[in-house]
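Scroll down for the structure; my scribbles are underneath it.
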Amino acid sequence: QQPVQSPQAVILREGEDAVINCSSSKALYSVHWYRQKHGEAPVFLMILLKGGEQKGHDKISASFNEKKQQSSLYLTASQLSYSGTYFCGTGHFKAAGNKLTFGGGTRVLVKP
Amino acid sequence: DVKVTQSSRYLVKRTGEKVFLECVQDMDHENMFWYRQDPGLGLRLIYFSYDVKMKEKGDIPEGYSVSREKKERFSLILESASTNQTSMYLCASQLMGGGNGYTFGSGTRLTVV
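So the sequence lines, in the order shown, correspond to chains A and B.
Per the numbering used here, residue 1 is the first one in the first sequence, and the count goes up by one each step.
Per the numbering used here, residue 113 is the first one in the second sequence, and the count goes up by one each step.
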């Protein structure tokens with residue numbers, strides 16, 4: 001079952017903050033976050049593992065709540081380059097072929 | 113610069129044709145994946161492979177098969193293309209281990225007419 005992302009879309013002004021949530025109905029081992037710009041391949045942002053800590057990448061950070069089976073991505077002081085569609089991918093097994101199930105995506109538009 | 117290369121960016125095929133989508137990675141990654149991407153549905157896993165000649169079904173394998181004869185190459189085969197297989201197809205590779213992200217190719221937009 002696909003994880004559920006919310007919101008489906010968000011419009012920001014440069015410098016504003018946003019939170020994207022990713023919820024799973026199954027126990028999580030890992031959560032990946034990717035950003036895809038129009039016409040391009042998804043680009044890996046970060047991975048959170050069960051028992052791990054909050055991660056950060058420039059002004060983009062993420063948390064992982066094992067009990068709630070969800071992860072949140074935080075866009076802080078957003079920049080124009082943050083525009084794109086963000087996908088979470090959830091992994092449920094610590095196995096060699098750790099396949100991911102992706103959410104439907106959250107479209108982010110940052111305006112000047 | 114590490115790469116996942118998909119052989120075609122755009123492809124138009126006729127209903128009933130056998131279609132081959134090729135993916136090559138130069139990173140010596142063990143794991144490779146095929147996803148299809150449709151608006152509003154995100155990325156859905158078709159097949160994946162964690163070793164040469166090994167393959168496992170993903171969430172939507174019907175109408176597809178795969179081949180991995182060499183570590184660097186993972187092919188997706190549409191046995192008899194249908195219009196509902198019109199989609200963007202993304203290949204990805206991953207270094208084995210739970211802490212590594214995927215590297216995606218640029219995708220192949222397939223239209224079946």
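Glycine included, each C-beta is placed from N, C-alpha and C at the ideal position.
Euclidean distance between Cα positions of residue i and residue j
i	j	result
Thr127(B)	Asn196(B)	10 Å
Asn212(B)	Ile20(A)	22 Å
Phe64(A)	Gln1(A)	19 Å
Ala96(A)	Pro112(A)	Because Ala96(A) carries a pLDDT of 47, less than 50, the predicted location of this residue cannot be relied on, and no value is offered for it.
Ser194(B)	Tyr176(B)	11 Å
Asp58(A)	Tyr122(B)	34 Å
Ser120(B)	Thr220(B)	6 Å
Ser218(B)	Gln149(B)	12 Å
Leu202(B)	Gly103(A)	15 Å
Neighbour flag for residue i against chain B, beta carbons, 7 Å
i	result
Lys68(A)	no
Lys99(A)	yes
Phe113(A)	Since the displayed chain A opens at 1 and closes at 112, residue 113(A) lies outside it and no answer follows.
Ile47(A)	yes
Ala77(A)	no
Ala96(A)	Confidence at Ala96(A) is low in this model, with a pLDDT of 47, below 50, so the placement of that residue should be treated as unreliable; the coordinate-derived value is given next. So yes, Ala96(A) belongs to the interface.
Phe64(A)	no
Gly105(A)	yes
Pro112(A)	no
His38(A)	no
Ala27(A)	no
Contact with chain A by residue i, beta-carbon distance below 7 Å
i	result
Phe216(B)	yes
Phe186(B)	no
Leu123(B)	no
Gly175(B)	no
Leu155(B)	yes
Phe132(B)	no
Gly128(B)	no
Residue from the options whose Cα sits closest to the Cα of residue i
i	options	result
His100(A)	Gly219(B), Ser194(B), Ser218(B), Ala204(B)	Reading off the sequence, residue 100(A) comes out as Leu, not His. For the residues Gly219(B), Ser194(B), Ser218(B), Ala204(B), the minimum Cα distance to Leu100(A) belongs to Ala204(B).
Ala18(A)	Ala62(A), Leu48(A), Leu75(A)	Leu75(A)
Glu48(A)	Thr106(A), His92(A), Gly105(A), Gln5(A)	The sequence as given places Leu at residue 48(A); Glu does not occur at that position. Selected option, being the one with the closest Cα: His92(A).
Pro173(B)	Val164(B), Ile158(B), Lys165(B)	Ile158(B)
Thr215(B)	Ala77(A), Leu45(A), Leu12(A)	Leu45(A)
Tyr82(A)	Ile11(A), Gly103(A), Gln5(A)	Ile11(A)
Thr223(B)	Met200(B), Leu207(B), Gln206(B)	Met200(B)
Asp138(B)	Asp163(B), Gly152(B), Val116(B)	Val116(B)
Inset, instruction - Enumerate, from N- to C-terminal direction, the unbroken beta strand (DSSP E) stretches of 3 or more residues contained entirely within the stretch 130-212 of chain B. - result: Taken in chain order, the unbroken stretches of beta strand (DSSP E) that lie wholly in the stretch 130-212 of chain B and span 3 residues or more are 131-133, 135-137, 143-150, 154-161, 176-182, 185-190, 199-206.
Inset, instruction - Taking 8 Å as the threshold, find out whether the stretch 114-133 of chain B comes into contact with the stretch 62-78 of chain A through three or more Cβ pairs. - result: no
Legend entry - In chain order, each beta strand (DSSP E) run of at least 3 residues that lies wholly inside the stretch 9-83 of chain A: 9-13, 18-23, 30-36, 43-49, 55-57, 60-65, 70-75
Legend entry - contact_flag[the stretch 139-147 of chain B, the stretch 167-187 of chain B] where n(CB pairs < 8 Å) is 3 or more: yes
Inset, instruction - Determine, using beta-carbon pairs with one atom in the stretch 80-89 of chain A and one in the stretch 22-37 of chain A, whether at least three such pairs fall under 8 Å. - result: The stretch 80-89 of chain A makes contact with the stretch 22-37 of chain A; the number of CB pairs closer than 8 Å reaches 3 or more.
Legend entry - Cβ pair count under 8 Å reaching 3, the stretch 129-138 of chain B against the stretch 182-192 of chain B: yes
Legend entry - Complete runs of the beta strand (DSSP E) confined to the stretch 87-111 of chain A [at least 3 residues]: Within the stretch 87-111 of chain A, the complete beta strand (DSSP E) runs of at least 3 residues are 106-111.
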